Amino acid sequence: MSHYIPPKVWSAEESNQGKFSAINRPTAGSRFDQKLPQGDKPLQVYSLGTPNGLKVAVMLEELRELGVKEADYDLFKISIMDGDQFGSDFVAINPNSKIPALLDKSNEKTVRVFESGSILLYLADKFNHFIPEDWAQRTEVLNWLFWQMGAAPFVGGGFGHFFSYAPEKLEYPINRFTMETKRQLDLLDNELANKPYIAGEDYTIADIAIWSWYGRLAQDALYEGAYEFLALDTYQYLLEWTERIAQRPAVKRALEADYKAIK
């Protein structure tokens, strides 16, 4: 087991970032001039086929399934491994340099929207779909939407990183984040034992957000070997919910067409 002694002052130049060493820096902001493409649709989406990117693709395909023409969109790839997210145009949309990001050109003034949860909520409110009007029910949906935003980094940046992407396998962080990931899976399984969707009887943006991470994990589509390692076959109700959503035509389109196109 390697023994790391932290220096008095951390230095990015001396740190090992593995496959991300050429991308990660300790500073924010644009790194180069960039001209992003724009189409003629009301919504311009800049994304990639990650779980966070998938959320927006599913939401837009769900709106398309309902015939909401005002939600028509152009989708452009942002290659995060090539550093596209640090270009000046993308940073102008999302100063945090993370995908997905959206421009809504249908208003008198173009609106930028960043953070996947914010995009889902923006689209749900704008088109009045996949979020309840009843205040208590709406709040329950937002409870779960924000749960996902806070919980998933333990799965992706925690478990997924150390299980799949870290330069070496380290027992402590894998154990730490596996414990938390399984706690979250158990939470979802318990909740879904008594209702068809995470916030109740209806499919909402909370399901879209959570499915894009935990549903894909339950489909063994995120990290090689994770399904067996996490014993995902023991979470019966989570698996049933995963399949229920996977059978939706809009979700299939997001995975088979848009998601693959930007992966």
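Here UniProt numbering is used: the first residue of the sequence shown is 1, the next is one more, and so on. All residues carry an ideal CB built from backbone N, CA and C; glycine is no exception. Remember, predicted model here, so these are calculated numbers, not experimental data.
What is the residue span of the alpha helix (DSSP H) that residue i lies within?
i, result
"Val141", "135-153"
"Arg244", "236-246"
"Ala250", "249-253"
"Ala209", "205-210"
"Leu192", "171-192"
"Gly67", "Run containing Gly67: none; DSSP gives neither H nor E here."
"Ser15", "Segment: none, Ser15 is in no alpha helix (DSSP H) and carries neither H nor E."
"Ile80", "Where Ile80 is concerned, there is no enclosing alpha helix (DSSP H), given that its DSSP letter is neither H nor E."
Would you mind working out which of the options sits nearest residue i, comparing C-alpha positions?
i, options, result
"Thr242", "Pro196, Phe20, Gly87, Ala231", "Pro196"
"Met81", "Ala124, Thr204, Ser21", "Ser21"
"Arg25", "Ser15, Asp189, Gln34", "Ser15"
"Gln184", "Leu232, Ile205, Leu222", "Leu232"
"Ile99", "Asn143, Leu145, Thr50", "Thr50"
"residue 346", "Trp213, Tyr235, Phe229", "Lying outside 1 to 263, the shown extent of the chain, residue 346 is not represented and no answer is given."
What three-state label does DSSP hand residue i in the structure shown?
i, result
"Val45", "strand"
"Arg112", "strand"
"Asp233", "helix"
"Phe163", "helix"
"Phe130", "coil"
"Gly200", "strand"
"Gly215", "helix"
"Gly225", "coil"
May I ask which residues mark the beginning and end of the beta strand (DSSP E) holding residue i?
i, result
"Asp74", "73-77"
"Asp104", "101-104"
Might you give, ordered along the chain, the residues of its own chain that have their beta carbon closer than 7 Å to the beta carbon of residue i, omitting 5 neighbours on each side?
i, result
"Tyr227", "Asp220"
Is there a C-beta anywhere in chain C that falls below 9 Å from the one on residue i?
i, result
"Asp233", "Looking for chain C here will not work: only one protein chain is present."
Which residues in the same chain have their Cβ closer than 6 Å to the Cβ of residue i, if we skip the five residues on either side of it in sequence?
i, result
"Arg31", "Phe86"
Could you pull out every residue in the same chain whose Cβ sits closer than 8 Å to the Cβ of residue i, ignoring the five residues on either side in sequence?
i, result
"Leu43", "Leu60, Ala71, Asp72, Tyr73, Asp74, Leu102, Leu103, Asp104, Lys105, Ser106"
"Phe89", "According to the sequence provided, residue 89 is Asp. The question's Phe does not apply to it. Counting only Cβ-Cβ distances below 8 Å, and skipping sequence neighbours, we find Gln34, Lys35, Leu36."
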